[in-house]
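Written out below as structure tokens is the structure these notes cover.
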Amino acid sequence: MDITDTRPRRPRGVPAPLRTVIVIGLLYAFLGGVKLLETGINGLGSDFTEGLFDSASNPLAGLFVGILATVLVQSSSVTTSTIVGLVAAGVVDVPTAVPMIMGANIGTTVTNTIVSVGHIRRSDEFRRAFTAATMHDFFNVIAVAVLLPLEIATGFLASAAAGIADFVAGGQSLGGKFDSPIKTAVGWFADQVEAVLGWLTDSERALAVLALIVGIGLIFVTLTFITKNMRVLVADRIERSLNAALARSGLIGMVVGTLITVAVQSSSITTSILIPLVASGVLLVRNAYPITLGANIGTTITALLAALGAGALDGLTIALTHTLFNVLGILLIFPWPRVRYIPVQLAERLADLAIRRRTMALAYLVVGFIVIPLVGIVVL
């Protein structure tokens, strides 16, 4: 079933230049909210997250560890960089780390799914937003379901990555680092908010809870106003041109998604930005799909840079495994018309169910991203 494009009435009276400034400010506050959400969850679960890696004794446990660790820190970049560091230090070997990397790919989608729930009170917006969020979930789950068993049986991803790493390293020590200006700017905002919240409590746990509450509040409030203003700023003709350009070639969308994610150093931010665009009808779900896939590739840059900084061949190998996994996942699904939109179709069906029973959206978040991985880790 296709997602309908019911368009809200456009607010009037605010000049376009001023409205543009307002949207930029709202977007900045929104990204600050995402950062505070990450900080709050990380503060609540940091000790547990560190202990999770000790449980990755088999491939499925490693997969669940990657999912849950990424959910807790709200960033696959943090998880994969940590895994690279552990591999580089010899704490975790490459075969054990590969499923964890794949799990991080699934866990990172929780952020945009949380963001989509911000539209839950408006049915048409929520249907579009929830579809745009969960199509990323389904794509990553399908990629893992196909590639993880092959990797367990053959080790082909790690072997290919090791060959590339050996060629790149050339027997020499590696180095390099990168700080995203956008991420730095958003981090400054989050730091100021945390400083203000710090006046209210001396407890680190209480501060984490406050950061979590403020982050969620910022996300929900800014989403509402971003959606309203986007409809005014982007005229129908521009909407049609944007969607037509993306519809002509999925490659364009993938390049856009990759570049944005490299710039902000977070696939969660890239995919979360898409949610209000899709919710407001500015961007069609199927045109947002390749941008999401590009974000999967772009997010691997952080682990690659972490590996370059660590200067260890195994660390570079696991970082390259992450890149190869995401590229191969796209090659397995997107080029083939008959299977290309299966993740989107599954997401549309889930969105229809969530519209009929709104509690299903919350149950999906809690069960899919927390309960199942946690039970899997305990049992395995």
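Add 262 to a position in the sequence shown, counting from 1, and you land on the number used in my numbering.
Ideal Cβ placement from N, Cα and C applies to all residues, glycine included.
From a predicted model like this one, the values you see are computed outputs, not experimental measurements.
Here's the rule I'm using: 16 or more other beta-carbon atoms within 10 Å means buried, otherwise exposed. How should residue i be labelled?
| i | result |
| --- | --- |
| Q454 | exposed |
| G438 | Low confidence applies to G438: its pLDDT is 39, below 50, so where it sits in the model is not reliable, and the reading given next is rough at best. So G438 counts as exposed. |
| I286 | exposed |
| R389 | buried |
| S343 | buried |
| A427 | buried |
| E466 | exposed |
| V633 | exposed |
| F418 | exposed |
| F596 | buried |
| P635 | buried |
| P411 | exposed |
| T621 | exposed |
| P361 | buried |
| G519 | buried |
| L546 | buried |
| D399 | buried |
| S385 | exposed |
| A625 | exposed |
| G380 | buried |
| A565 | buried |
| D264 | Unreliable placement is indicated for D264, whose pLDDT of 47 sits below 50; the coordinate value is still reported in the next sentence. That one is exposed. |
| D464 | exposed |
| V640 | exposed |
| V629 | exposed |
| V544 | buried |
| T523 | buried |
| T446 | exposed |
| V637 | exposed |
| L567 | buried |
| L280 | exposed |
Considering only their Cβ atoms, is the gap separating residue j from residue i smaller than 8 Å?
| i | j | result |
| --- | --- | --- |
| I488 | F292 | yes |
| L472 | L590 | no |
| F631 | I382 | no |
| T373 | S542 | no |
| S339 | I537 | no |
| N320 | I368 | no |
| A391 | V276 | no |
| L462 | V476 | no |
| V335 | G365 | no |
| T332 | T301 | no |
| L325 | V406 | yes |
| G512 | T532 | no |
| A452 | K297 | yes |
| T375 | L627 | yes |
| T484 | G295 | yes |
| I404 | H584 | no |
| N491 | I284 | yes |
| L578 | V354 | no |
| A569 | S529 | no |
| V356 | A415 | no |
| A359 | L586 | no |
| T282 | A609 | no |
| L642 | I592 | no |
| I345 | I563 | no |
| A616 | A350 | no |
| L612 | T396 | yes |
| G305 | A470 | yes |
Compare the C-beta of residue i against all C-beta atoms of chain C and say whether one is closer than 8 Å.
| i | result |
| --- | --- |
| L521 | Checking the listed chains, one finds no chain C in this structure; it contains a single protein chain. |
For this session: Starting from the N-terminal side, write out each stretch of the alpha helix (DSSP H) that is 4 residues or longer and does not extend beyond the region 327-406.
Result: Taken in chain order, the whole alpha helix (DSSP H) runs of length 4 or more contained in the region 327-406 are 338-350, 356-369, 372-379.
Exercise. Can you give, in chain order, each stretch of the alpha helix (DSSP H) that sits fully within the region 524-580 and has at least 4 residues?
Worked result: Whole alpha helix (DSSP H) segments, 4+ residues: 529-541, 547-560, 562-572.
For this session: Mind the definition here: the region 595-613 touches the region 545-556 only if three or more C-beta pairs lie below 8 Å; say whether that holds.
Result: When C-beta atoms of the region 595-613 are compared with those of the region 545-556, three or more pairs fall below 8 Å, so the two segments count as touching.
Exercise. What are the start and end residues of each continuous alpha helix (DSSP H) run of 4 or more residues lying completely inside the region 572-631, in chain order?
Worked result: When DSSP assignments are scanned along the region 572-631, the uninterrupted stretches of alpha helix (DSSP H) that are 4 or more residues long and fall wholly within it turn out to be 575-595, 599-602, 604-618, 621-628.
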